[in-house]
Amino acid sequence: GDDAVPKDEL
Amino acid sequence: MNIFRLCGDMSHLAAIIILLLKMWKTRSVAGISGKSQILFATVFTARYLDLFTSFISIYNTCMKVFFIGTVYFTIYLIYMKFKATYDSNHDSFRVEFLIVPVGGLAFLVNHEFAPLEIIWTFSIYLESVAILPQLFMISKTGEAETITSHYLFALGSYRALYLCNWIYRYYAEGFFDLIAVVAGVVQTILYCDFFYLYITKVMKGKKISLPA
Chain A
1 GDDAVPKDEL
Chain B
11 MNIFRLCGDM SHLAAIIILL LKMWKTRSVA GISGKSQILF ATVFTARYLD LFTSFISIYN
71 TCMKVFFIGT VYFTIYLIYM KFKATYDSNH DSFRVEFLIV PVGGLAFLVN HEFAPLEIIW
131 TFSIYLESVA ILPQLFMISK TGEAETITSH YLFALGSYRA LYLCNWIYRY YAEGFFDLIA
191 VVAGVVQTIL YCDFFYLYIT KVMKGKKISL PA
């Protein structure tokens, strides 16, 4: 799948 | 950070504080689904495991710690301190019907087949449906206290504002997270019926009561 995205959201 | 994201977070924060104040002031957890709160505790615990692996900002860390802390305190109030007022007979939604499919989906549809990523995905999917036991409880009892309605309105608005945030971020930063967006849309749609009742009744000073 896609690359993991950084989780800056809550 | 943009205005939609900030308003979304503040709305989420307000929802939690409204719920705690309702329970604390009335010394009662009547009309509140313990099962939804357990699902939210699962959501926060699963999603914020990254507190141990990555630092994003003071704001991010404080909010995560606050959300986790308050949700477990809420569960303590429901199942221990104010247990006598908890309406377990009406809190009869079968949560396994949510947990199992959501867990399976997180395994199948994720950004990366890695433990933390799967757990994060699970939390996103679970959050989108975690309010169902609460909405089910209201449909069973046929009513919601006005303060509970304010709680639900703030909680529903939070993800709706995140949708605006994601639209903004897509155009401003090229940021796009399909999993979060689809789950956020589902989550917001689940509140639509409630939003309608809130606008047509609660905002006109009436409490929500459904025809039997």
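Those protein sequences? They're chains A and B, same order as listed. To convert, note that position 8 of the first sequence is 8 in the numbering used here; the numbers rise steadily by one, no gaps. To convert, note that position 158 of the second sequence is 168 in the numbering used here; the numbers rise steadily by one, no gaps. Positions of the beta carbon are idealized from the N, C-alpha and C atoms, including for glycine.
Does DSSP put ALA170/B in a helix, in a strand, or in coil? In the structure shown, ALA170/B falls within a helical segment according to DSSP collapsed to helix, strand and coil.
Which first and last residues belong to the alpha helix (DSSP H) in which ALA222/B is found? Where ALA222/B is concerned, there is no enclosing alpha helix (DSSP H), given that its DSSP letter is neither H nor E.
Neighbour list for ILE66/B in chain A, Cβ cutoff strictly below 7 Å: By Cβ distance, chain A contributes ASP8.
Let me know the alpha helix (DSSP H) ranges lying completely inside the stretch 82-148 of chain B, each 4 residues or longer, listed in chain order. For the stretch 82-148 of chain B, whole alpha helix (DSSP H) runs of length 4 or above, ordered along the chain, are 106-118 and 125-139.
Helix, strand or coil, according to DSSP, for GLU153/B in the structure here? In the structure shown, GLU153/B sits in a strand (DSSP, three-state: E or B).
Since GLY166/B and TYR201/B are thought to touch, with beta carbons under 8 Å apart, how far apart are those beta carbons, to the nearest angstrom? Indeed they touch by this definition, with Cβ atoms about 3 Å apart.
Using the beta-carbon count (16 or more within 10 Å), is VAL110/B buried or exposed? Classification of VAL110/B: exposed, given that the 10 Å Cβ count is below 16.
LYS45/B: first and last residue of the uninterrupted alpha helix (DSSP H) it sits in: Its alpha helix (DSSP H) spans residues 44-57.
Cβ neighbours of ASP2/A in the same chain (closer than 7 Å, five flanking residues each side left out): At ASP2/A, the pLDDT of 48 sits below 50, so the modelled position is not reliable; the number obtained from the coordinates is stated separately. The beta carbon of ASP2/A sits closer than 7 Å to no other beta carbon from its chain once the five residues preceding and following it are set aside.
Rank TYR58/B, MET213/B and TYR172/B by C-alpha distance to the C-alpha of LYS7/A and give the top, closest one. Closest in C-alpha terms to LYS7/A, from the list TYR58/B, MET213/B and TYR172/B, comes TYR58/B.
Sub-7 Å separation of ILE236/B and LYS45/B beta-carbons: Within the shown structure, residues of chain B are numbered from 11 to 222, placing residue 236/B beyond reach of any answer.
List the residues of chain A whose Cβ lies closer than 8 Å to the Cβ of ASN70/B, in chain order. Within 8 Å Cβ-Cβ: ASP8 and LEU10.
Taking the alpha helix (DSSP H) that SER223/B falls in, what are its first and last residues? Residue 223/B lies beyond the stretch modelled for chain B, which goes from 11 to 222, so this question has no answer here.
Which residues of chain A have a Cβ atom closer than 7 Å to the Cβ of MET73/B, listed in chain order? Residues of chain A with a Cβ closer than 7 Å to the Cβ of MET73/B are, in chain order, LEU10.
Member of SER149/B, TYR180/B, ASP187/B and TYR181/B whose CA lies at the smallest distance from the CA of ILE218/B: With distances taken between Cα atoms, ILE218/B lies closest to SER149/B.
Count the other CB atoms, across all protein chains shown, that sit within 10 Å of the CB of THR71/B; report buried if there are 16 or more and exposed otherwise. Under a 10 Å Cβ-count criterion, THR71/B is classified as exposed, with fewer than 16 other Cβ atoms of the shown protein chains found around its own Cβ.
For the alpha helix (DSSP H) that contains VAL192/B, what are its first and last residues? Start and end: 188-210.
For TYR176/B, count neighbouring C-beta atoms within 10 Å of its own C-beta (all shown protein chains included) and say buried if the count is 16 or more, exposed if not. Checking the displayed sequence, the identity of residue 176/B turns out to be Trp instead of Tyr. Buried, because 16 or more other Cβ atoms sit within 10 Å of the Cβ of TRP176/B.
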